[in-house]
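Take a look at the structure below.
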Amino acid sequence: MDKKEYLDLYYQMVVIRRLEERAAELYQQGKIGGFLHLYIGQEAVSTGIISVRRPEDRVITAYRDHGVAINCGVSAKEVMAELLGKATGCSKGKGGSMHLADVSKNFWGGHAIVGAHLPIAAGLALGDVYQNQKAVTICMFGDGATNIGFFHEALNLSKVWNLPVLWVCENNKYGMGTAVERASAVPEIALKADAYGMKRDQVDGMDVIKVREVAARMLEEIRSGSGPQFLEVVTYRFRGHSMGDPERYRTSDEVRKWQQDDPIGVYHNYLLAQGIATEDELQKTIREAEEEVEEAVRFAEASPEPAPEDLYKHVYVSETC
Amino acid sequence: MARITMREAISQALWEEMERDPKVFIMGEEVGVWGGTYAVTRGFYDHFGPDRVRDTPISEAAIVGAAIGAALVGLRPVAEIMTINFAFVAMDHIVNEAAKFHYMFGGQMVVPLVIRTVSGGGRQLGATHSQTPDAIFAHFPGLKVVAPGTPADAKGLLKAAIRCDDPVFFIEHATLYQLRGEVPEGDFTIPIGQSKVQREGRDVTIVTYSKMLDTSLKAAEELTREGIEVEVVDLRTLRPLDMKPVLESVKKTNRAVIVEEGWKSYGVGAEVAARIYEEAFDFLDAPVKRVAQVEVPLPYNRTLEQMALPQVKDVVQAVREVL
Ligand SMILES: Cc1ncc(C[n+]2csc(CCOP(=O)(O)OP(=O)(O)O)c2C)c(N)n1
Ligand SMILES: [Mg+2]
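Those sequence lines, one after another, are chains B and R.
Using my numbering, you'd call the opening residue of the first sequence number 733 and step up by one each time.
Using my numbering, you'd call the opening residue of the second sequence number 136 and step up by one each time.
Structural data, given as C-alpha cells:
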C-alpha cells in the first residue's frame, strides 16, 4: 500500500463514523424514520475487507449497511439522501437505511431479514461460475445470523457447488440483546464452518490492517479455486442495536473497555507509529471527511421527495409479459 | 396442432427455452438424475448436463434464494419446488426477496426468475402434501402467479414466464399432468395476466382456473343437457388478475359461480366475487356463488378426501342455484 491508500482507508472510516453520527442527530430531529442501525465501532471490518475486493467482486450484507455502502463507493450524498427517503437516494427513497444498494458498484444490498441474503449470495456466485466470470462474492452478516436455517443451507450449498464466496461473520457479540453464548450452541462462530468442510479463519476486527491482510489472502485463495471460505471478524458495536435501544443486556464498563480499541483510534496510532502519516495529515483527512459528510447532509436535505407517481413505479418491470 | 399431455407441454416449454437461451437453467430437488419428481425433466440431465440441470440439496430457501442471486446477475433460473407445500419453507425468499427487490431498491435490481411448483389434492397424500394454497402467493405485489388449466396454456405461459423479467410463481396441478389437449406447433408464448373464455355460453358465468377448469368444463357439458349454457372464464394468471373477460361475461349472463380447489376463506373466489360486486353489481340477477374445498385439512381416506374437494356435481348444483 502506498501512503495515499493508507490515508484513504482512514478517510473512509472517518466518513462512515461522521456520517452515522450525523444520521443519529437527524434521526433525533425526526428527519430519518424507521430503524437506523449504526456501524460505529465496526468500521474496520468492511473497510478492511472491501479495500481488497476487485471491482468484479460482489458485496452483499445485512441491514447494518451504511459503512459497507460507503466502502463500496456509494457516495455519502446518496447514502444520506436514502436515509432521508429522498428521490436522490441510492434506492430512490424506497429502501431506507436497511436497504441501501448500488448495483453499478457491485453492491447488492442491504438486507433486513436476518440471514436471508446468504442464499442469495450463493446465487450471485453461482451466476458468476455459470458465466465463467472470475469473481468472488463477499457476504457479510452478524453473529445472530449464524443461528438461522438460511445460514446453514447457504453454507452447505456453497460448499457442495464449490462456489466462490467469502462468508464474513461480523461477531459483534450480540444479536440485538442476546449475547452470542446465549444464542449459539457453538459460541466460537468460526467453528461452524467446520460442519461444511470449509476453510476458516478468525481476525481482530478492530484492526483494519489485520482484517485487510486476512481478507486479501482468503480472496486470493478463493480466486484460485479453493471454494468458499469463512472469516469470523471479532468486533463490537459501540451504539445500541438500533436507535432507542435501552441496552439492558450489557454494562457501560463493557462498552468502555471495547471503546479503548476504537478501530479509528487504533489505526490512527498505527499510522503515526509506523511513520506513515503525521498528526497534521490525519487532522486534515478528518476535516475533509467531515466536509464530505456535511455536503452530503446539505444535498440530502435539499433533495426532492419522490414524486407521488413513483409510488406505483417498479412493482414490475412490465405488467404484461 | 398436436394433442399432447400437460406434462409434455411443460417439458417442451422448458426444453425449447433452454435450447433457445443458454442463460436458462433448472435447479431443484431431483430435477436431474432422477428426471423430475413428476417426470417433467426426464432426459434433460443427459442432454443439457449437470450445470444446467442442477440437483440441489433439500434446501428450499437456498433453492429460491440462490435462484434469485443468479437471476440478479443476468441468468434466467427456473427453480423447481417439488410441491407447493414445501414452498412455505422458502416463503421468505419468495415474499421478502423475489417480490420486493425491484421495487425496494428503486428499480435497479431485476429478478427474472421462474419458480415452478405443483399444487393440488386428490392423490391421498394427506394434509401436509395435498394443499392448494395458490391464493396465498397471489397476495403479494411484485410476484406474478400463473396457474394454467390446459396444455396449450401451460406451454405458452411457461415460455412467457421464462422470458419475463419479473419473478413468476408457476403453479402446475398434481393431477393434471395426464390431461391432453391441442397445443399449437412451434414456438409460441401466451401473455401473462390475461384471462380467457374457454367456453362460451349465455346463462351463467363460471370463473375458475387450473384443475377446476377441467371440472367446470365437465359440469358445463352436463348442464347443456338441461339446456343451460355456461360460459367458462379461465383466469390462468392469479396476479396480475385480469378481470375484463370476467366482467364482460357477467354483464352478459348476469350470474356468476366461482370454482376453486383451495379453501373458500380468503381465497381466489373471495377476491373475484368482491371485484364482481364492486364493478358489476348492477348487472347481477343473483348473488355470486362460490364452490371450494371444505374447510378442513385434507384427510387421507379416499372417500373423505373426495368429499372435501370440489366435484363436478358441486359445480352443477351451484349453477342451478344461481339460476
Ligand atoms: C428473520 C428475522 N428475525 C428477526 C429479525 C429481527 N432482528 C433484526 S436484527 C436482529 C439481530 C441480529 O443480530 P446479528 O445477526 O448478530 O447482527 P447485528 O445486529 O449484531 O449486526 C434481529 C433478531 C429479523 N430482522 N429477521
Ligand atoms: Mg451481532
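Beta carbons: idealized from backbone N, C-alpha and C, even for Gly.
Note that the structure is predicted; figures quoted are calculated from it, not measured.
Of the residues the options, the one placed nearest residue i, counting alpha carbons only
{"i": "B:E1027", "options": "B:L751, B:D740 and B:E1051", "result": "B:L751"}
{"i": "B:I941", "options": "B:I996, B:S823, B:L898 and B:A794", "result": "B:I996"}
{"i": "R:G321", "options": "R:Q147, R:T140 and R:R142", "result": "R:Q147"}
{"i": "B:T869", "options": "B:A1032, B:G859 and B:A877", "result": "B:G859"}
{"i": "B:G1067", "options": "B:V1025, B:F1031, B:E945 and B:V1049", "result": "Past the boundaries of the shown model lies residue 1067 of chain B; chain B is included only from 733 to 1053, so the question cannot be answered."}
{"i": "R:R187", "options": "R:A295, R:E152 and R:I219", "result": "R:E152"}
{"i": "R:R437", "options": "R:F223, R:R258 and R:V175", "result": "R:R258"}
{"i": "B:A867", "options": "B:R955, B:V1049 and B:G765", "result": "B:R955"}
{"i": "B:Y999", "options": "B:G957, B:L768, B:L758 and B:G780", "result": "B:G780"}
{"i": "B:D926", "options": "B:P960, B:A948 and B:N903", "result": "B:P960"}
{"i": "B:R786", "options": "B:N803, B:R754 and B:Q1006", "result": "B:N803"}
{"i": "R:P109", "options": "R:P375, R:S400, R:R138 and R:L444", "result": "Shown here, chain R extends from 136 to 458; a query on residue 109 of chain R therefore has no answer."}
{"i": "B:A1032", "options": "B:C822, B:R796, B:A922 and B:P851", "result": "B:C822"}
{"i": "R:G284", "options": "R:L278, R:S345, R:G328 and R:E335", "result": "R:S345"}
{"i": "R:F223", "options": "R:Q243, R:I271, R:V168 and R:F160", "result": "R:I271"}
{"i": "B:V912", "options": "B:Y981, B:M975, B:M872 and B:S974", "result": "B:Y981"}
{"i": "B:G972", "options": "B:V1029, B:N904 and B:A886", "result": "B:N904"}
{"i": "R:F305", "options": "R:V318, R:G316, R:G291 and R:E361", "result": "R:G291"}
{"i": "B:D977", "options": "B:E1023, B:Y906, B:D789 and B:M733", "result": "B:Y906"}
{"i": "B:Y743", "options": "B:A853, B:R914 and B:S783", "result": "B:S783"}
{"i": "B:Q760", "options": "B:H849, B:S974 and B:G909", "result": "B:S974"}
{"i": "B:E788", "options": "B:S836, B:R754 and B:E979", "result": "B:S836"}
{"i": "R:G200", "options": "B:A853, B:T1052, B:E814 and B:M830", "result": "B:A853"}
{"i": "B:D834", "options": "B:G874, B:Q863, B:I845 and B:T793", "result": "B:T793"}
{"i": "R:L311", "options": "R:K235, R:R142, R:I325 and R:M226", "result": "R:R142"}
{"i": "B:G842", "options": "B:E814, B:V861, B:L887 and B:E753", "result": "B:E814"}
{"i": "B:R914", "options": "B:Y862, B:D875 and B:T983", "result": "B:D875"}
{"i": "R:V166", "options": "R:K158, R:R155, R:P212 and R:D156", "result": "R:P212"}
{"i": "B:T967", "options": "B:M950, B:E979, B:D993 and B:S829", "result": "B:D993"}
{"i": "B:K735", "options": "B:Q1006, B:E1051 and B:M745", "result": "B:Q1006"}
{"i": "R:L444", "options": "R:A144, R:K399, R:T372 and R:E335", "result": "R:K399"}
{"i": "R:L210", "options": "R:D190, R:V249 and R:M136", "result": "R:V249"}
{"i": "R:R360", "options": "R:A309, R:Q428 and R:R455", "result": "R:R455"}
Cβ separation of residue i and residue j, assumed to be a contact under 8 Å, to the nearest whole Å
{"i": "B:V680", "j": "B:N838", "result": "Lying outside 733 to 1053, the shown extent of chain B, residue 680 of chain B is not represented and no answer is given."}
{"i": "B:K989", "j": "B:Y928", "result": "Actually they are not in contact, since the Cβ atoms of B:K989 and B:Y928 sit about 33 Å apart, beyond 8 Å."}
{"i": "B:V935", "j": "B:V965", "result": "6 Å"}
{"i": "R:L382", "j": "B:W840", "result": "42 Å between Cβ atoms; not a contact."}
{"i": "R:D300", "j": "R:P247", "result": "5 Å"}
{"i": "R:G397", "j": "R:D269", "result": "6 Å"}
{"i": "R:G204", "j": "B:L856", "result": "4 Å"}
{"i": "R:V367", "j": "R:T343", "result": "7 Å"}
{"i": "R:V457", "j": "R:V339", "result": "6 Å"}
{"i": "B:L832", "j": "B:V900", "result": "Going by Cβ atoms, the distance from B:L832 to B:V900 rounds to 17 Å, so no, they are not a contact pair."}
Residues that residue i bridges to, as DSSP identifies them
{"i": "R:V367", "result": "R:R334 and R:I341"}
{"i": "B:V935", "result": "B:V965"}
{"i": "B:F873", "result": "B:C901"}
{"i": "R:V536", "result": "No answer is possible for residue 536 of chain R: the residues shown for chain R start at 136 and end at 458."}
{"i": "B:V861", "result": "In the DSSP output, where bridge partners are listed per residue, B:V861 has none listed."}
{"i": "B:Y1002", "result": "B:Y1002 is not bridged to any residue."}
{"i": "R:V188", "result": "R:I161"}
{"i": "B:R1019", "result": "Its beta-bridge partners do not exist; DSSP assigns none."}
{"i": "B:G907", "result": "B:T910"}
{"i": "R:I203", "result": "Bridge partners of R:I203: none, in fact."}
{"i": "R:E317", "result": "R:R138"}
{"i": "R:R374", "result": "R:V280"}
{"i": "R:A214", "result": "R:M162 and R:I250"}
Proximity test, residue i beta-carbon vs ligand 4 heavy atom, cut-off 7 Å
{"i": "R:G178", "result": "With respect to small molecules bound, the structure shown includes ligand 1 and ligand 2 and not ligand 4."}
request  = Could you tell me whether the stretch 877–888 of chain B touches the stretch 256–274 of chain R, using the rule of 3 or more Cβ pairs below 8 Å?
outcome  = no
query = How about the stretch 384–393 of chain R and the stretch 419–428 of chain R: do they share at least three Cβ pairs that are nearer than 8 Å?
reply = yes
ask   = Touching or not, the stretch 407–422 of chain R and the stretch 226–236 of chain R, by the rule of three or more beta carbon pairs under 8 Å?
value = no
task = Give, in chain order, every unbroken run of the alpha helix (DSSP H) that is at least 4 residues long and sits entirely within the stretch 236–311 of chain R.
result = Those alpha helix (DSSP H) runs which fall completely within the stretch 236–311 of chain R and span 4+ residues are 236–239, 269–272 and 286–298.
ask   = Taking contact to mean at least 3 C-beta pairs separated by less than 8 Å, is the stretch 817–830 of chain B in contact with the stretch 1030–1044 of chain B?
value = They touch, by the three-pair rule.
ask   = Three or more beta-carbon pairs under 8 Å between the stretch 172–180 of chain R and the stretch 349–357 of chain R, yes or no?
value = no
ask   = Using 8 Å as the threshold, is the stretch 1013–1021 of chain B in touch with the stretch 215–229 of chain R, meaning 3 or more CB pairs across them?
value = Inter-segment contact for the stretch 1013–1021 of chain B and the stretch 215–229 of chain R is absent: fewer than three beta-carbon pairs are separated by less than 8 Å.
key: Minimum length 3: unbroken beta strand (DSSP E) runs contained in the stretch 779–854 of chain B   = Positions of the beta strand (DSSP E) runs, each at least 3 residues long and wholly inside the stretch 779–854 of chain B, are given as 790–794 and 839–843 in order along the chain.
ask   = Should the stretch 370–381 of chain R be called in touch with the stretch 248–255 of chain R, which here means at least 3 C-beta pairs below 8 Å?
value = no
inquiry  = Does the structure place the stretch 288–298 of chain R close enough to the stretch 235–246 of chain R that three or more beta carbon pairs sit under 8 Å?
reply    = no
Three or more C-beta pairs below 8 Å linking the stretch 1041–1049 of chain B and the stretch 167–175 of chain R = no
At least 3 beta-carbon pairs within less than 8 Å: the stretch 759–779 of chain B vs the stretch 937–953 of chain B = yes
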